[in-house]
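Engineer:
In the working numbering, the protein residues as written are -11 to 164.
Following this line, the structure appears as structure tokens:
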């Protein structure tokens, strides 16, 4: 009775699919950004061109991360109503929220600070201030990389919680 898309089972599948796609997109963006794009761009372009390209990439990277995190939270929200899987759901959603918070910190605090320090380094070239600002820029860049690695580890924990959630929801029959 009714439309098939309103069947609870179909909604469960859609929620799990959205959650998995969100997690895959976020982890994929993190890995691609940190291990492919940043090293290749930094090695192959001059400092001015690198800054321009990375500014464009960072905006898209942070947008993908935030959108993926929101999709993950919405997808997992329906599982809160099932008592048997409430703990792994809260764990998954808590880790996702923590990763979102760290990502927002990177986007709203670290990224503008890094851009500002990079501009100051470029404008103070040859002056005594340049050494101090360059050191602060390097520290901000290392902190940004560190936060991204922490987000990656948190998302791996969220993936483990999601696996627990899915296994608790659909138990494996060992007898076949």
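Just so it is clear, CB atoms sit at the ideal spot from N, CA and C, and this is done for glycine as well.
With 16 other CB atoms within 10 Å as the buried threshold, where does residue 96 fall?
Structural biologist: Along the chain shown, read from residue 1 onward, the residue named residue 96 stands at position 108. By the 10 Å Cβ count, residue 96 comes out exposed.
Engineer: Could you pull out every unbroken alpha helix (DSSP H) segment of at least 4 residues lying fully inside the stretch 93 to 134, listed in chain order?
Structural biologist: As far as the stretch 93 to 134 is concerned, its whole alpha helix (DSSP H) runs of at least 4 residues are 99 to 111.
Engineer: Could you check if residue 75 is buried or exposed, using at least 16 other CB atoms within 10 Å of its CB as the buried criterion?
Structural biologist: Looking up residue 75 in the chain shown gives position 87. That one is exposed.
Engineer: Whole-angstrom Cβ separation of residue 167 and residue 98, contact assumed at under 8 Å?
Structural biologist: Residue 167 lies beyond the stretch modelled for the chain, which goes from -11 to 164, so this question has no answer here.
Engineer: Report, in whole angstroms, the separation of the C-beta atoms of residue 57 and residue 84, which I expect to be a contact under 8 Å.
Structural biologist: Locating residue 57 in the chain shown gives position 69, counting from the first residue. Locating residue 84 in the chain shown gives position 96, counting from the first residue. Right, their Cβ atoms sit about 6 Å apart.
Engineer: Check whether the Cβ atoms of residue 108 and residue 120 lie closer than 7 Å to each other.
Structural biologist: If you number the chain shown from 1, residue 108 lands on position 120. If you number the chain shown from 1, residue 120 lands on position 132. Cβ distance not < 7 Å, so residue 108 and residue 120 don't count as in contact.
Engineer: Residues in its own chain within less than 8 Å of residue 90 by CB, not counting five upstream and five downstream?
Structural biologist: Looking up residue 90 in the chain shown gives position 102. Correct list, in chain order: 135, 138, 139, 142.
Engineer: Is the stretch 40 to 54 touching the stretch -1 to 10 in the sense that three or more CB pairs, one from each, lie closer than 8 Å?
Structural biologist: The stretch -1 to 10 vs the stretch 40 to 54: no contact.
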